[in-house]
Amino acid sequence: MSRLVVILILIYSFSGFSQSGFQVYFGNLHSHTSFSDGMGTPYDAYTFARDSAHIDFLAVTDHVEWLSAVNFNTGLQTADAFTVNGTFVALYGYEWTSNYYGHCSILYVDEMISASSSSVYPGGWDLVTDFVCSHPPAIGQFNHPGRYSWFNNWDDFAYVNGATDTCFPMIEFQDIQQATDYYEKALSKGWHLTPVWNQDNHQADWGLKNNGRAGIWATELSKNGIYNAIMNRRTFATMDKNASVWMECGTHPMGSVLPVILPVQIRAVINDADSELWSKAELVTSRGIYDSIFLPGLNPDTIFVLNDTVEWAFIWAIQPDGDMIWSAPLFFDVPVSGSVNPPDGNNSITIVHAGKEIIINTGRDVGFPLSMEFRDITGRVLMKKEISDSAGSDKIVVKPPDGNPIIITVKSSNGITHSKLFTDNGN
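Using our numbering, the first residue of the sequence shown is number 5, and each one after it goes up by one.
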């Protein structure tokens, strides 16, 4: 891959922890109390987080299969009582658990999902995504992917649709492996995710279990401020309790979706309030690590220039003590091409991007029919096409809006489905 990277590093001290009108806040978006399998009550959790851990926000997310309706309402009322705008924000939600798909938190919700959905393995995940998307302003968070070997990690992060992509904006890390193995995988599947580091407290140590924090860039410390930051993907995951990372392209903050106009200039600002040094930073893209730089001194302000088309890019950095930090991505609209293997294992279907048209050549000689559905990144259906079981091939032309990515779903008559997001390199 040909590339030219221009790096400018400015060294200076920060004060106020603000960028482009946003203030940084630190907290924890995954914890438990005795309302499920933890300790204490929501009252205890919020008191400890505010007065002992001194974090800016705490979400208590008790397991829904343990949670009674009375305790759920008590949690909501307690969170409202503890929230003081500008001082501390208390959130109450719950964690949906499946020993098949994995776990996810649901926040900003005032209704309980059926606990039985946790044990309905074949359709449980569909029930959760449908519930969250049909109960605005509810949002979902993918929790600790890969924690157990028997998790299938939400069908291996198979892209669902645009509505679910919007309703599930966050992915949680609790260790480095979860970040390195699953963050990029989820992004490569088409999800528009923003990362956080959470503690998943089950002891009375809310905010002090470790130094990991969920970082949020918000206009204000309030429930609405945090919600808007999450929905606009202005979060980061940090292993250091007061380190922050900010990334922007021009006036567009991290989390934004931008057109591809090369060259792309990306600015990254990394800060540690304790004046700890940084060792290295990498710009990671949909094509892999774009560049790795060593960072001298304190609090670097770094500019990368991309001369290659990528679907997304984020920054991660490491300190001498091993603490790491991950930014939210910047997302880029790209043209479409590639191929997909139909679920019956026959000849692959090729996709060619030609201007603002996508040409699909099935090239098939099959014994049973296929159906194809084409959706844009928001989940809107662009076209449906039935492919016959006769010899020969079909040529299909699809015109996605503005040449943006599309999701192609191929379903055989035996019910097997293959769904994939297509971008400029076929991933």
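Each residue gets a CB set at the ideal place from its N, CA and C atoms; glycine is no exception.
Residue j beta carbon less than 8 Å from that of residue i
i: residue 271; j: residue 307; result: yes
i: residue 164; j: residue 142; result: no
i: residue 197; j: residue 251; result: no
i: residue 241; j: residue 288; result: no
i: residue 210; j: residue 32; result: yes
i: residue 48; j: residue 70; result: no
i: residue 110; j: residue 97; result: yes
i: residue 258; j: residue 332; result: yes
i: residue 204; j: residue 148; result: yes
i: residue 276; j: residue 228; result: no
i: residue 327; j: residue 244; result: yes
i: residue 220; j: residue 29; result: yes
i: residue 39; j: residue 61; result: no
i: residue 36; j: residue 78; result: no
i: residue 310; j: residue 261; result: no
i: residue 129; j: residue 169; result: no
i: residue 283; j: residue 315; result: no
i: residue 218; j: residue 232; result: no
i: residue 330; j: residue 187; result: yes
i: residue 106; j: residue 155; result: yes
i: residue 144; j: residue 108; result: yes
i: residue 202; j: residue 58; result: no
i: residue 208; j: residue 52; result: yes
i: residue 68; j: residue 99; result: yes
Bridge-paired residues (DSSP) for residue i
i: residue 271; result: 252 and 307
i: residue 283; result: Beta-bridge pairing links residue 283 to no other residue.
i: residue 70; result: DSSP, once it has assigned bridges, lists no residue as partnering residue 70.
i: residue 210; result: Bridge partners of residue 210: none, in fact.
i: residue 331; result: 240
i: residue 288; result: 293 and 318
i: residue 257; result: 252
i: residue 110; result: 98 and 144
i: residue 181; result: None; residue 181 has no bridge partner.
i: residue 205; result: 35
i: residue 461; result: In the structure as shown, the chain begins at 5 and stops at 431. Residue 461 is therefore absent and cannot be evaluated.
i: residue 262; result: 336
Where the beta strand (DSSP E) through residue i begins and ends
i: residue 147; result: 143 to 147
i: residue 201; result: 198 to 201
i: residue 177; result: 174 to 177
For residue i, the three-state DSSP class (helix, strand or coil)
i: residue 231; result: helix
i: residue 88; result: strand
i: residue 277; result: coil
i: residue 313; result: coil
i: residue 33; result: coil
i: residue 343; result: At residue 343 the pLDDT is 45, less than 50, meaning the model places this residue with poor confidence; the figure from the coordinates comes in the next sentence. Residue 343: strand per DSSP, three-state reduction.
i: residue 217; result: strand
i: residue 337; result: strand
i: residue 323; result: coil
i: residue 75; result: helix
i: residue 80; result: helix
i: residue 61; result: strand
i: residue 161; result: helix
i: residue 371; result: Because the pLDDT of residue 371 is 49, which lies under 50, any placement of that residue in the model is unreliable, and the number read from its coordinates should be weighed accordingly. Coil.
i: residue 23; result: strand
Limits of the unbroken alpha helix (DSSP H) element including residue i
i: residue 294; result: Counting along the chain, residue 294 falls outside any alpha helix (DSSP H), though it belongs to the beta strand (DSSP E) covering 292 to 298.
i: residue 101; result: That residue, residue 101, is in no alpha helix (DSSP H); its beta strand (DSSP E) goes 93 to 102.
i: residue 155; result: Looking at the DSSP string, residue 155 is not in any alpha helix (DSSP H), and its letter there is neither H nor E.
i: residue 225; result: Element bounds for residue 225: n/a, residue is neither H nor E.
i: residue 443; result: Absent from the model: residue 443. The displayed extent of the chain is 5 to 431, so no value can be given.
i: residue 47; result: 46 to 52
i: residue 135; result: 128 to 137
i: residue 170; result: 166 to 171
Below-8 Å beta-carbon distance, residue i vs any chain D residue
i: residue 237; result: Absent from the structure is chain D; it holds one protein chain and no more.
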